[in-house]
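Undergrad: Mapping the sequence shown onto the numbering used here, position 251 (from 1) lands on 283, and the numbers just tick up by one.
Built from N, CA and C at the ideal position, the CB exists for glycine as well.
Because the structure is a prediction, the values reported are computed rather than measured.
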Amino acid sequence: MSQYLLPSGLRDLLPPEARHQTFIINSLLQRFELFGYGQVITPLAEFEDTLIAGKGAALEKQTFRTMDPISKKMLAIRSDITMQVARIVATRVQNTPLPMRLSYAGNVLRVEAEKLSTDRQITQAGIELVGSDNSDADIEVISVLLEALAQLGVTKLVVDIGLAGLLDALLATEATVNTDDVMKAVSQKDASSLPEMACKELVTTLMLCSGDARTVIDTLVAMPGLPESAAGMIRELQRMVEALPEVDGVSYTIDPLEGNNFKYHQG
Numbered sequence: 033m034s035q036y037l038l039p040s041g042l043r044d045l046l047p048p049e050a051r052h053q054t055f056i057i058n059s060l061l062q063r064f065e066l067f068g069y070g071q072v073i074t075p076l077a078e079f080e081d082t083l084i085a086g087k088g089a090a091l092e093k094q095t096f097r098t099m100d101p102i103s104k105k106m107l108a109i110r111s112d113i114t115m116q117v118a119r120i121v122a123t124r125v126q127n128t129p130l131p132m133r134l135s136y137a138g139n140v141l142r143v144e145a146e147k148l149s150t151d152r153q154i155t156q157a158g159i160e161l162v163g164s165d166n167s168d169a170d171i172e173v174i175s176v177l178l179e180a181l182a183q184l185g186v187t188k189l190v191v192d193i194g195l196a197g198l199l200d201a202l203l204a205t206e207a208t209v210n211t212d213d214v215m216k217a218v219s220q221k222d223a224s225s226l227p228e229m230a231c232k233e234l235v236t237t238l239m240l241c242s243g244d245a246r247t248v249i250d251t252l253v254a255m256p257g258l259p260e261s262a263a264g265m266i267r268e269l270q271r272m273v274e275a276l277p278e279v280d281g282v283s284y285t286i287d288p289l290e291g292n293n294f295k296y297h298q299g
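Structure representation (C-alpha cells):
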C-alpha cells in the first residue's frame, strides 16, 4: 500500500466530511453574494513571474513551483488567493467603478503547514473589498464574515485585529536595521532578540500590548512618542473599534503588530 501514500499534509476527504465541506463553501458563497460580493474563480497555477511578482513576493517561500512543458516557463501553484484577486482587479476589471466587492473559494497549496495544523492543502474562502481604504470598509468585511459564519451556526468567535503597516511605519527611519530580524522577534514576541534601534522601546511596548480591543485601543491612543504616520493608523483603528458590531458570542481582540509578515496587506 505504500505506493498509495499521499505526501505529508495532503489527504482525501471521504463521506460525510467531503459533503460537509461542500455545504460550508456553498453557504459562505451564497451569503457573500447576498451582500453584493460577486464570485470569481482563479486558476490553480500561474506563471511564476506573475503570481509572486511585486507584493506577491511575500508568498515566495510558501509557493510550490513546477515547469510548464508547453510554455517552458516556471509555474507557481497558488498558496493564497488574495493576490490572484488583486491581479484580476488590476488587469481584467480595472474599468469597473469602485469600490468593488469580490468573493472566492478554492484550494491552495503551501510548502509548509500552519503552526496549528498539519495540512498543506487548505480550502480557502473569503471576500475582498477593493477601492475603499477607510474604517467603514474594515467594519463591513468583519460584519459580512460574522453574518456568514452565524448562518453556519459558528459561535464563540474571537476576531483578532492587527494593524498591517504599523511596524513599517516605526522602522521607516531605521535605515541600518535588518527588518527581517525585527519581524522575526515580533512574530515570536521575543523582545530580547530585537536589534538596537531608536524605536526599540516603542516596538517592545507594542509587541506586548495585546488583548481586549477596547482596552488595548485606549492604551495605543495614549502611547507617547509615536511618529505621526503610526499615530494616524491608530486613530483610524480607534474609529473602527468604536463602530464594531456588538454580536452575542463574539469578542474582539487587538494585537497591533500581528500580521506584519503579510507584506501585501495594508490597514
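1) Measure how close the beta-carbons of residue 144 and residue 107 come, nearest whole angstrom, since I'm counting them as under 8 Å.
2) Tell me whether residue 3 sits in a helix, a strand or coil according to DSSP, three-state version.
3) In three-state DSSP terms, what is residue 219?
4) For residue 283, report the span of its alpha helix (DSSP H) as first-last.
5) Measure from the alpha carbon of residue 283 to the alpha carbon of each residue in 187, 236 and 89, then state which is nearest.
6) If you measure between the beta carbons of residue 252 and residue 137, is that distance less than 8 Å?
7) Where do the ends of the beta strand (DSSP E) carrying residue 96 lie?
8) In three-state terms, what does DSSP make of residue 233?
9) May I have the straight-line CA-CA distance separating residue 66 from residue 179, to the nearest angstrom?
10) Just confirm the distance between the C-beta atoms of residue 72 and residue 120, as a whole number of angstroms; I'd bet it's less than 8 Å.
11) Have a look at 245, 206 and 192 and flag the residue whose alpha-carbon is nearest the alpha-carbon of residue 235.
12) Mapping the DSSP letters down to three states, classify residue 166 as helix, strand or coil.
13) Taking buried to mean at least 16 other C-beta atoms within 10 Å of its own C-beta, is residue 70 buried or exposed?
14) Thinking just about the alpha-carbon of each residue, which of 280, 200 and 181 is nearest to the one in residue 258?
15) Verify whether the separation of the beta carbon atoms of residue 156 and residue 59 is less than 8 Å.
16) Just how far apart, CA to CA, sit residue 213 and residue 226?
TA: Judging by the given coordinates:
1) The count along the sequence shown starts at 1 and reaches residue 144 at position 112. The count along the sequence shown starts at 1 and reaches residue 107 at position 75. Rounded to the nearest angstrom, the Cβ distance from residue 144 to residue 107 is 19 Å, too far for a contact under 8 Å.
2) Given that the chain is displayed from residue 33 to residue 299, the structure contains no residue 3 and the question cannot be resolved.
3) Position 187 of the sequence shown, counted from the first residue, corresponds to residue 219. Residue 219: helix per DSSP, three-state reduction.
4) Taking the sequence shown and counting its residues from 1, one reaches residue 283 at position 251. Careful: residue 283 lies outside any alpha helix (DSSP H), inside the beta strand (DSSP E) at 282 to 286.
5) Along the sequence shown, read from residue 1 onward, the residue named residue 283 stands at position 251. Answer by Cα proximity: 187.
6) In the sequence shown, residue 252 corresponds to position 220, counting from 1. In the sequence shown, residue 137 corresponds to position 105, counting from 1. Residue 137 sits away from residue 252, with the two beta carbons spaced by 8 Å or more.
7) Locating residue 96 in the sequence shown gives position 64, where the first residue counts as 1. Counting along the chain, the beta strand (DSSP E) containing residue 96 begins and ends at 96 to 99.
8) The count along the sequence shown starts at 1 and reaches residue 233 at position 201. DSSP places residue 233 in the helix class (H, G or I) of the three-state scheme.
9) Residue mapping note: residue 66 aligns to position 34 of the sequence shown, counting from 1. Residue mapping note: residue 179 aligns to position 147 of the sequence shown, counting from 1. Whole-angstrom Cα-Cα distance: 11 Å.
10) As a first step, residue 72 must be located in the sequence shown, where it is residue number 40. As a first step, residue 120 must be located in the sequence shown, where it is residue number 88. At roughly 6 Å, the Cβ-Cβ gap stays under 8 Å, so residue 72 and residue 120 are in contact.
11) Translated into positions along the sequence shown, residue 235 becomes position 203. Nearest of 245, 206 and 192 to residue 235, Cα basis: 206.
12) Sequence index remark: in the sequence shown, residue 166 carries index 134 (1-based). Reduced to three states, the DSSP call for residue 166 is coil.
13) Working through the sequence shown from its first residue, we reach residue 70 at position 38. It is exposed - the Cβ of residue 70 has fewer than 16 other Cβ atoms within 10 Å.
14) For the purposes of this step, residue 258 is identified with residue 226 of the sequence shown, where counting begins at 1. Ranking the options by Cα distance to residue 258, first place goes to 200.
15) In the sequence shown, residue 156 corresponds to position 124, counting from 1. In the sequence shown, residue 59 corresponds to position 27, counting from 1. Cβ atoms of residue 156 and residue 59: not closer than 8 Å.
16) In the sequence shown, counting from the first residue as 1, residue 213 sits at position 181. In the sequence shown, counting from the first residue as 1, residue 226 sits at position 194. So the two alpha carbons sit approximately 7 Å from each other.
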